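Going by the working numbering, the residue at position 176 of the sequence shown is 180; the numbering climbs one at a time, nothing skipped.
For each residue, glycine too, the CB sits at the ideal point set by N, CA and C.
No experiment lies behind these values; they were computed from the predicted model shown.
Accompanying notes for the structure given below.
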Amino acid sequence: MTEAYRKLEARFHRMSVLSGIGGMLHWDMAVIMPDGGADARSEQLATLSVLENELINAPDLGDLISSAESEQLDDWQQANLAEMKRAWVHGTAVPVDLVEKMSRAETRCEVAWRKARADNDFKGLLPHLQEVLDLSIEAGKAKAEALGTSVYDALLDQYDPMMRSDRIDSLFAELESFLPDFTADVIERQKSEDKPVKPTGPFAVETQNRIGLDLMKAVGFDFDHGRLDISHHPFCGGIPEDVRLTTRYDENDFTSAIMGVLHETGHAMYERGLPADWQNQPVGKARGMTMHESQSLLVEMQACRSEEFLTYAGPVFKEAFGGDSAAWGAANLHRLYTRVEPGLIRVDADEVTYPAHVILRYRLERALIEGDMKLADLPGAWNELMQKLLGIVPEDDRNGCMQDIHWPSGAWGYFPTYTLGAMAAAQIFAAAKESNPEIPNALSRGDFAPLMGWLRTNIHSQASSKSTDAILEAATGKPLGVDAFRTHLENRYGQ
5 MTEAYRKLEA
15 RFHRMSVLSG
25 IGGMLHWDMA
35 VIMPDGGADA
45 RSEQLATLSV
55 LENELINAPD
65 LGDLISSAES
75 EQLDDWQQAN
85 LAEMKRAWVH
95 GTAVPVDLVE
105 KMSRAETRCE
115 VAWRKARADN
125 DFKGLLPHLQ
135 EVLDLSIEAG
145 KAKAEALGTS
155 VYDALLDQYD
165 PMMRSDRIDS
175 LFAELESFLP
185 DFTADVIERQ
195 KSEDKPVKPT
205 GPFAVETQNR
215 IGLDLMKAVG
225 FDFDHGRLDI
235 SHHPFCGGIP
245 EDVRLTTRYD
255 ENDFTSAIMG
265 VLHETGHAMY
275 ERGLPADWQN
285 QPVGKARGMT
295 MHESQSLLVE
305 MQACRSEEFL
315 TYAGPVFKEA
325 FGGDSAAWGA
335 ANLHRLYTRV
345 EPGLIRVDAD
355 EVTYPAHVIL
365 RYRLERALIE
375 GDMKLADLPG
385 AWNELMQKLL
395 GIVPEDDRNG
405 CMQDIHWPSG
415 AWGYFPTYTL
425 GAMAAAQIFA
435 AAKESNPEIP
445 NALSRGDFAP
455 LMGWLRTNIH
465 SQASSKSTDA
475 ILEAATGKPL
485 GVDAFRTHLE
495 NRYGQ
């Protein structure tokens, strides 16, 4: 390793620290910042974005990368250099003034979204969202030229490196070839089965919070390096050394908050499992959002909706909430948590209908990015596609096109990674159980150590040293595909 590579490590370390500061400010904005702080926060985040962009656009950075490419580097250093180059291509494509405009617009829009959603006011949100969309398209065009891709694929590449829409189209087509009939069959069969007993509330928020904290500990979360709070939309943020999770509570339904906590804990465990030796380097970061979502959905859907885990969780819930003993049995909870029914809200959807929510958003955001639809027509287009894919229509935009924070915050191209992550989660969990058959029994005792140990070795520790497909092939024997997800659904929901 010579001088060029060392200089690059120092530069990217500084960029990572600035990004981490931004992450903390975003957490604060979502959790505790008063509304009156929005303008100042916009200024702060825009300044950080400009500082990061100035570092990536330093005149000598390209020369340093070229020099480092001829140096003797080990495998991880070479992978780190490749990630540096990818970040450089993305970063230099977008001019500084556009970066600043985007940061300010996204902050304003996110704050506006909170009020607009509460007031069911899409018209009030529209000018803010239009500004974010226009600026995202402008940035996407600049990146598309640098990457040699379509505008949508350039935006997608920010969240899932090297994933392209033609591959997503193929994977989603494979899902759509069996999911509609499968979903209808499951719903029809469940009509003839004994209905699960639904626990009755109210469920005190304080009790839900305590259970959530206890389950986080069971999964393995280290509270010396993170915390749980409340926000309008659940998320996992912060930095690997200080992971910030949020959820939201409903006193009439404890499942949404508890499963939300477990979902975000999956994200957090991935962040905490990244290699400390490569902290603040591009190669030491998570391998895109497909892999990130695989870890959250593996915990929430694969592990924590299994009958084995519910054998452990049922008595925990019963002790905390009381009520009808029959409601807390593992078999009843399993029937409850595998009940398939089309719903309006993506984050509350069962895993059979969830892909339809993602496909809907994927189609709509591509149409908006590619100029095939006007943003003002989004509510109507949303409702029409909801009717087509899920057979239901929201009564208002609050529970329709305004339910997610992603578009207001500028995350165009993110949504496909949820279902790609669900596929990867099924693939990874099957491989983990095959490698260590003790995992299901351990879950029935609330012991996540065998599962997390396998994930640490095969997924978390790999960070961005390889592509998503290469990590999956090494861990499961296959690149990302639909087969394991389909098998999982058939085993859990089929006859």
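Closest to Ile-243 by C-alpha separation, out of Phe-321, Arg-231, Val-93 and Val-356, would be which residue?
The alpha carbon of Ile-243 has as its nearest neighbour, out of Phe-321, Arg-231, Val-93 and Val-356, the alpha carbon of Arg-231.
Taking the alpha carbon of Tyr-341 as the reference point, which residue from Thr-315, Val-247, Leu-364 and Asn-57 has its own alpha carbon closest?
The shortest Cα separation from Tyr-341 among Thr-315, Val-247, Leu-364 and Asn-57 belongs to Thr-315.
I'd like the list of long-range same chain contacts for Glu-58, defined as Cβ closer than 8 Å, with 5 residues on each side in sequence excluded.
Around Glu-58: Val-100.
Can you check DSSP and say which residues form a bridge with Val-247?
In the DSSP output, where bridge partners are listed per residue, Val-247 has Gly-230 and Gly-242.
Within 10 Å of its beta-carbon, does Phe-258 have 16 or more other beta-carbons around it, so buried, or fewer, so exposed?
It counts as buried.
Measuring only the C-alpha atoms, how far is Ser-448 from Leu-22?
Cα atoms of Ser-448 and Leu-22: separation of roughly 42 Å, rounded to the nearest angstrom.
Count the other CB atoms, across all protein chains shown, that sit within 10 Å of the CB of Ala-148; report buried if there are 16 or more and exposed otherwise.
Taking all protein chains in view, the Cβ of Ala-148 is crowded by 16 or more other Cβ atoms within 10 Å, so the residue is classified as buried.
In the DSSP assignment, the alpha helix (DSSP H) including Asp-101 goes from what residue to what residue?
100-123 is the span of the alpha helix (DSSP H), which, as asked, contains Asp-101.
Pull up the distance between the alpha-carbon of Gly-333 and that of Asp-381, whole angstroms please.
It is roughly 47 Å from the alpha-carbon of Gly-333 to the alpha-carbon of Asp-381.
How do the region 391-398 and the region 318-334 stand: do at least 3 beta-carbon pairs fall below 8 Å, yes or no?
Cβ pair count under 8 Å is below three, so no.
Excluding the five sequence neighbours on either side, which residues of its own chain have a C-beta within less than 6 Å of the C-beta of Glu-312, listed in chain order?
The residues are Pro-444, Leu-447 and Ser-448.
Given Leu-429, which residues of its chain have a CB within under 6 Å of its CB, disregarding the five upstream and five downstream residues?
Residue identity differs from the one stated: residue 429 is Ala in this sequence, not Leu. Hits under 6 Å: Ser-298, Leu-301, Leu-302 and Gln-306.
In terms of alpha-carbon separation, which member of Arg-496, Thr-491, His-492 and Val-486 lies closest to Leu-179?
Distance check between Leu-179 and each of Arg-496, Thr-491, His-492 and Val-486 places Val-486 closest, using alpha-carbon atoms only.
Determine the contact status of Met-456 and Thr-294, defining contact as a CB-CB distance below 8 Å.
Result no, Cβ atoms of Met-456 and Thr-294 do not sit closer than 8 Å.
Measuring CB atoms only, is the region 11-26 touching the region 209-217, in the sense that at least three cross pairs come out at less than 8 Å?
Because the criterion of three Cβ pairs below 8 Å is not met, the region 11-26 and the region 209-217 do not touch.
Between the C-alpha atoms of Ile-191 and Ala-177, what's the straight-line distance to the nearest angstrom?
Between Ile-191 and Ala-177, the C-alpha separation is close to 22 Å.
Taking only the alpha-carbon atoms, compute the straight-line gap between Pro-238 and Ala-467 and give it to the nearest angstrom.
Using only the alpha carbons, I get a separation of about 24 Å.
Where does Asp-164 land, buried or exposed, given buried means 16+ other C-beta within 10 angstroms?
Buried, by the Cβ-count rule.
Under the three-state DSSP convention, the category His-411 falls into:
According to the sequence displayed, residue 411 carries Trp and not His. In the structure shown, Trp-411 sits in coil (DSSP, three-state: anything other than H, G, I, E or B).
Give the secondary structure of Phe-321 by DSSP, where H, G and I count as helix, E and B as strand, and everything else as coil.
The answer is helix: DSSP assigns Phe-321 an H, G or I state.
Give the straight-line distance between the Cα atoms of Gly-481 and Ala-436, rounded to the nearest whole angstrom.
In a straight line, the C-alpha of Gly-481 is about 12 Å away from that of Ala-436.
From Gly-414 to Val-136, what does the alpha carbon distance come to, in whole angstroms?
Rounded to whole angstroms, the gap between the alpha carbons of Gly-414 and Val-136 is 6 Å.
Roughly how many angstroms lie between the CA atoms of Ala-513 and Ala-478, to the nearest whole one?
What is shown of the chain runs 5 to 499, which leaves residue 513 out entirely.
Residue range of the alpha helix (DSSP H) that Ala-83 falls in?
Taken as a continuous stretch (DSSP letters only), the alpha helix (DSSP H) holding Ala-83 covers 79-97.
Can you find the residues in the same chain that come closer than 7 Å, C-beta to C-beta, to Glu-304, ignoring five residues on each side of it along the sequence?
Result list for Glu-304: Met-263, Leu-266, His-267 and Gly-270, in chain order.
By the DSSP assignment, the alpha helix (DSSP H) with Tyr-497 in it spans what residues?
First-last of the alpha helix (DSSP H) with Tyr-497: 487-497.
DSSP state of Phe-16 mapped onto helix, strand, coil
DSSP, reduced to helix, strand and coil, places Phe-16 within a helical segment of the structure shown.
Taking Ala-488 and Ala-434 to be in contact with their CB atoms under 8 Å, please state how far apart those CB atoms are, rounded to whole angstroms.
Contact holds; Cβ gap of about 5 Å.
Can you find at least 3 beta carbon pairs, one from the region 46-65 and one from the region 101-109, that sit closer than 8 Å?
In short, these stretches touch, since the Cβ pair count reaches three.
How long is the line joining the alpha carbons of Asn-61 and Asp-67, rounded to whole angstroms?
Asn-61 and Asp-67: Cα-Cα distance of roughly 12 Å.
Would you kindly work out how many angstroms separate the C-alpha atoms of Arg-276 and Pro-38, rounded to a whole number?
If I take the Cα positions, the gap works out to 29 Å.
Rounded to a whole number of angstroms, what is the C-alpha to C-alpha distance between Pro-279 and Asp-198?
In a straight line, the C-alpha of Pro-279 is about 47 Å away from that of Asp-198.
Same chain, Cβ closer than 7 Å to Met-28, neighbours up to 5 away in sequence not counted
Excluding sequence neighbours, Met-28 sits near Gly-242.
Thinking C-beta only, is Thr-187 closer than 8 Å to Val-344?
Inclusion of Val-344 and Thr-187 in the CB contact set at 8 Å is warranted, their separation being smaller than that value.
For a test of the three-state rule: what should DSSP assign to Trp-332, helix, strand or coil?
Under the three-state reduction of DSSP output, Trp-332 falls in the helix class.
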